[in-house]
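Input: a single structure, listed below in structure tokens.
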Amino acid sequence: AAATVSEREVLFTVLVPLYRTQPDHFRAMVASVLAQTEPSFELLLVDDGSADEELTALLAEVAVDPRVRVVALQENVGISGASAAGLAAARGTFVALLDHDDVLEPRALEVVHDALVRFPEADVLYTDEDQLHDDGVVQATFRKPAFSPERLRGQNYVGHLSVFRRQLMLDVGGFRLGFEGSQDYDLVLRATERARAVVHIPEVLYHWRIHEASVSHREENAPVFDAAHRALAEHLERTGIDGQVEQVHAAGVYRIRRTLHERPPVTVVIPTRGSRSVIHGADRVMVVEAVASLLAKTTYPNFDVLVVADTPTPAEVRQALVDLAPDRVRVIDYPYPFNYADKINYGVVRARADLLLLLNDDTEILDGGWLDTMVGLLAPDVGMVGAKLLYEDGTIQHLGLHVGLGDVQHIAEGEPADDVGPFAAHLLDREVSGVTGACALLPRHVFEEVGGLSPAFPVNFNDVDLGFKILDAGYRIIATPHAVLHHFESRTRQRRAVATEVAFLRGRWAHRLASDDFWREKVPARWAHVTLRAAQRTEPVLRRPS
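When we follow the working numbering, the leftmost residue of the sequence shown carries the number 21, and every step to the right adds one.
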């Protein structure tokens with residue numbers, strides 16, 4: 021492939037496999053391609069043995085246009101075989117995949133061309149899409165994230181419009197027979213494994229037509245899901261991920277359950293003041309109940325607990341913690357003015373393990389395998405993993421952090437615990453812009469590489485700042501819905517951000533706070549959490565004496 025892409029070198033093959041396509045859908049599809057503002061393309065129509073006289077006549081009619089080529093297969097070989105035949109006949113440097121009843125925006129190829137000029141090493145590109153119904157209604161706009169390999173293992177979110185460098189398609193084996201219905205998923209997994217760059221174009225350029233004959237409306241999709249399952253299993257083998265593929269939703273949503281052959285030691289760092297609260301009608305010392313839950317319910321065997329206690333923490337609370345498991349629980353004193361970030365750093369320095377689990381003292385374990393799940397998601401390029409946290413009433417408190425328009429919010433806050441989310445996002449292990457420090461797992465070397473939590477954020481946003489530093493260092497951050505804890509933070513508490521912290525965060529991270537690379541869906545107002553707009557008071561930044 022050329023090292024650079026210039027305007028005259030770019031040539032798109034728009035590849036469309038056909039089988040007994042409805043005439044009105046066919047005409048709309050062809051018209052949308054021929055109306056492209058980008059001049060350098062060919063429309064390659066592959067008739068998969070339709071034996072349909074009307075379609076044959078329509079193909080002859082449109083083939084008069086020199087930009088249109090027709091490949092007519094004598095027998096029906098299925099969508100994988102037809103797509104493979106089209107790839108073999110394609111002349112373009114890049115191949116754009118279009119279903120036979122869908123529609124492109126007029127600027128689709130032009131916008132992709134512009135992206136290639138900006139990113140000459142791009143081997144795979146994809147755009148946003150929406151759904152077009154036969155009554156003309158357009159809905160369900162899917163505003164996709166930046167390239168998210170973990171989410172891709174859970175669903176083929178890349179979808180339409182997808183564009184591949186043709187040589188890469190050939191190098192990875194093109195379309196493979198036996199993956200019908202998921203042939204594009206199988207292809208995008210193999211292509212992104214080898215691509216030099218995968219580029220997301222955040223613009224709706226593809227209209228996916230929804231009608232009774234659509235794959236999504238078929239009653240029997242088991243073969244499609246089976247093909248996706250096999251494609252994912254082979255992807256795990258190729259990439260060296262030891263795990264099992266599980267389907268978690270009827271809409272073709274999967275989970276990769278990692279196999280842990282070793283369980284490296286984890287130190288759980290819990291800051292506390294030994295506070296009490298009423299939970300489920302019972303008066304509780306929060307940190308004692310949190311540690312008791314941790315010890316009793318966690319199936320992961322290799323962890324110890326380090327409680328970092330402010331000086332006012334009662335002696336009986338300290339003793340109760342140690343009594344829970346003298347060989348696994350330590351309590352150390354933090355003898356400085358309150359500064360949450362510094363307090364965590366103080367604990368991390370004294371932690372024994374190379375994996376650190378930051379955990380609030382007002383939590384309770386609900387899923388015994390939570391820590392196995394989080395540790396399993398760590399990889400050399402993963403800097404932090406967060407969990408699904410629930411309020412006392414069972415609604416979601418956190419499934420990752422959303423940033424944008426200068427604000428910070430918790431994804432899915434206030435939604436029912438079993439809420440699927442837009443395009444099944446709440447069911448997926450996926451990349452996010454950050455996770456709450458109330459429950460976050462990260463390797464010590466990552467924590468140290470980015471400088472830990474910044475004491476300039478003594479109360480709020482230290483976890484937001486930490487996440488941004490981790491992203492800037494080139495790591496991914498993953499939120500998983502498969503590790504579930506209670507976080508007994510009040511839904512009705514008035515959250516008050518410190519103005520000095522807000523100003524510092526905005527000054528340091530204006531570029532990241534402007535928009536979110538990984539969550540671009542509309543954010544309901546009820547998701548509001550500790551927001552930057554909530555700054556109500558000014559306090560000095562508290563620092564530990566040197």
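The beta carbon of each residue, even a glycine, is placed where N, CA and C say it ideally should be.
- prompt: What separation, rounded to the nearest whole angstrom, lies between the Cα atoms of VAL157 and GLU125?
  reply: Position 137 of the sequence shown, counting from 1, holds the residue named residue 157. Position 105 of the sequence shown, counting from 1, holds the residue named residue 125. Take the alpha-carbon of VAL157 and the one of GLU125: they are about 15 Å apart.
task: Please say whether LEU79 and VAL90 have beta carbons closer to each other than 7 Å?
output: As a first step, residue 90 must be located in the sequence shown, where it is residue number 70. As a first step, residue 79 must be located in the sequence shown, where it is residue number 59. A contact, by the Cβ cut-off of 7 Å.
task: For ASP15, count neighbouring Cβ atoms within 10 angstroms of its own Cβ and tell me buried if that reaches 16, exposed if not.
output: In the structure as shown, the chain begins at 21 and stops at 566. Residue 15 is therefore absent and cannot be evaluated.
message: For ASP401 and PHE467, what's the separation of their Cα atoms in angstroms?
response: As a working note, residue 401 is residue 381 in the sequence shown. As a working note, residue 467 is residue 447 in the sequence shown. So the alpha carbons of these two residues sit roughly 13 Å apart.
LEU38 versus ASP67 - alpha carbon distance: For the purposes of this step, residue 38 is taken as residue 18 along the sequence shown, with counting starting at 1. For the purposes of this step, residue 67 is taken as residue 47 along the sequence shown, with counting starting at 1. Taking the CA atoms as reference points, LEU38 sits about 5 Å from ASP67.
query: Considering only the beta carbon of each residue, do HIS507 and GLN417 sit closer than 7 Å?
result: In the sequence shown, the residue the question calls residue 507 occupies position 487. In the sequence shown, the residue the question calls residue 417 occupies position 397. At a Cβ-Cβ threshold of 7 Å, HIS507 and GLN417 count as neighbours.
query: Using the C-alpha atoms, what's the distance from LEU63 back to PRO475?
result: Within the sequence shown, the letter at position 455 stands for residue 475. Within the sequence shown, the letter at position 43 stands for residue 63. Here the C-alpha atom of PRO475 lies approximately 58 Å from the C-alpha atom of LEU63.
message: Quick check on the DSSP output: what are the complete beta strand (DSSP E) runs of length 3 or more inside the segment 171-220, in order along the chain?
response: Runs of the beta strand (DSSP E) spanning 3 or more residues and lying entirely within the segment 171-220 occur at 182-185, in chain order.
query: CA-CA distance, PHE184 and ALA215?
result: Against the sequence shown, residue 184 aligns to sequence position 164. Against the sequence shown, residue 215 aligns to sequence position 195. If you draw a straight line from the Cα of PHE184 to the Cα of ALA215, it is about 9 Å long.
- prompt: Are at least three pairs of beta-carbons, each pair with one atom in the segment 163-183 and one in the segment 446-462, less than 8 Å apart?
  reply: The answer is yes - the segment 446-462 touches the segment 163-183, with three or more Cβ pairs under 8 Å.
- prompt: In this structure, does DSSP put ILE431 in helix, strand or coil?
  reply: Translated into positions along the sequence shown, residue 431 becomes position 411. Looking at ILE431 - three-state DSSP - the assignment turns out to be coil, as it is neither helix nor strand.
field: Spatial neighbours of THR512 in its chain, beta-carbon cut-off 6 Å, leaving aside the 5 residues before and after
entry: As a working mapping, residue 512 is identified with position 492 in the sequence shown. In this prediction, THR512 has a pLDDT of 44, which is less than 50 and means its spatial position is unreliable; what the coordinates show is noted afterwards. Once the five neighbours on either side are set aside, THR512 has no close Cβ partner at all.
query: Alpha carbon to alpha carbon, what distance is there between ILE352 and THR331?
result: Working through the sequence shown from its first residue, we reach residue 331 at position 311. Working through the sequence shown from its first residue, we reach residue 352 at position 332. The straight-line gap separating the alpha-carbon atoms of THR331 and ILE352 is approximately 10 Å.
For VAL423 and ARG532, believed in contact at Cβ under 8 Å, the rounded distance: Within the sequence shown, numbered from 1, the residue matching residue 532 stands at position 512. Within the sequence shown, numbered from 1, the residue matching residue 423 stands at position 403. Confirmed, about 6 Å.
message: Helix, strand or coil, according to DSSP, for GLU469 in the structure here?
response: Within the sequence shown, the letter at position 449 stands for residue 469. Note: GLU469 maps to helix in three-state DSSP.
- prompt: Is PHE477 helix, strand or coil when you go by DSSP?
  reply: By one-based count along the sequence shown, residue 477 stands at place 457. Reduced to three states, the DSSP call for PHE477 is coil.
field: Anticipated Cβ contact below 8 Å, HIS133 with VAL36, distance rounded
entry: For the purposes of this step, residue 133 is identified with residue 113 of the sequence shown, where counting begins at 1. For the purposes of this step, residue 36 is identified with residue 16 of the sequence shown, where counting begins at 1. Wrong, their Cβ atoms sit about 19 Å apart, outside the cutoff.
query: Near ARG197, which residues of its chain fall below 7 Å by C-beta distance, leaving aside the five closest residues on each side in sequence?
result: In the sequence shown, the residue the question calls residue 197 occupies position 177. Looking at the sequence itself, residue 197 is Leu, so the reference to Arg does not match. Excluding positions up to five away in sequence, the list reads SER100 and GLY101.
- prompt: PHE32 by DSSP, collapsed to three states: which one?
  reply: As a working mapping, residue 32 is identified with position 12 in the sequence shown. Strand, per DSSP.
- prompt: If you draw a straight line from the alpha carbon of ALA523 to that of ALA534, how long is it in whole angstroms?
  reply: Here the question's residue 523 lines up with position 503 in the sequence shown. Here the question's residue 534 lines up with position 514 in the sequence shown. Our two residues, ALA523 and ALA534, have alpha carbons roughly 14 Å apart in a direct line.
query: Is the number of C-beta pairs between the segment 248-263 and the segment 354-374 that are closer than 8 Å three or more?
result: Taking one beta carbon from each stretch, the segment 248-263 and the segment 354-374 have fewer than 3 pairs nearer than 8 Å; the two do not touch.
- prompt: What span of residues does the alpha helix (DSSP H) with ILE99 cover, start to end?
  reply: As a working mapping, residue 99 is identified with position 79 in the sequence shown. Segment 98-109, the alpha helix (DSSP H) holding ILE99.
field: Delimiting residues of the beta strand (DSSP E) encompassing THR500
entry: The residue given as residue 500 occupies position 480 in the sequence shown. Per DSSP, THR500 belongs to the beta strand (DSSP E) from 496-507.
field: Where LYS408 sits in the DSSP three-state scheme
entry: Along the sequence shown, one-based indexing puts residue 408 at 388. Here LYS408 sits in strand by DSSP.
- prompt: Cβ atoms of LEU391 and TYR573: under 7 Å apart, would you say?
  reply: In the structure displayed, the chain extends from 21 to 566; residue 573 sits before or after that span and is not available.
query: Can you tell me where the alpha helix (DSSP H) with ARG571 in it begins and where it stops?
result: Any property of residue 571 remains undetermined from this structure, which presents the chain solely from 21 to 566.
message: Beta-carbon within less than 7 Å of ARG338's beta-carbon, same chain only, minus the 5 sequence neighbours each way: which residues are those?
response: Numbered from its first residue, the sequence shown carries residue 338 at position 318. Here the set comprises ALA329 and VAL351.
Terminal residues of the alpha helix (DSSP H) in which GLU73 lies: Position 53 of the sequence shown, counted from the first residue, corresponds to residue 73. Start and end: 73-82.
query: By the 10 Å Cβ neighbour count, where 16 or more other Cβ atoms means buried, how is VAL97 classified, buried or exposed?
result: Your numbering for residue 97 matches position 77 in the sequence shown. Buried.
- request: Specify, as a first and last residue, the run of the beta strand (DSSP E) that ARG277 falls within.
  value: In the sequence shown, counting from the first residue as 1, residue 277 sits at position 257. Per DSSP, the unbroken beta strand (DSSP E) holding ARG277 starts and ends at 273-278.
task: Go through its chain and collect everything with a Cβ distance to PRO565's Cβ below 6 Å, but skip five positions before and after it.
output: Counting from one through the sequence shown, the residue named residue 565 turns up at place 545. Here the model assigns PRO565 a pLDDT of 34, short of 50, so the residue's position is not dependable and the matter cannot be decided.
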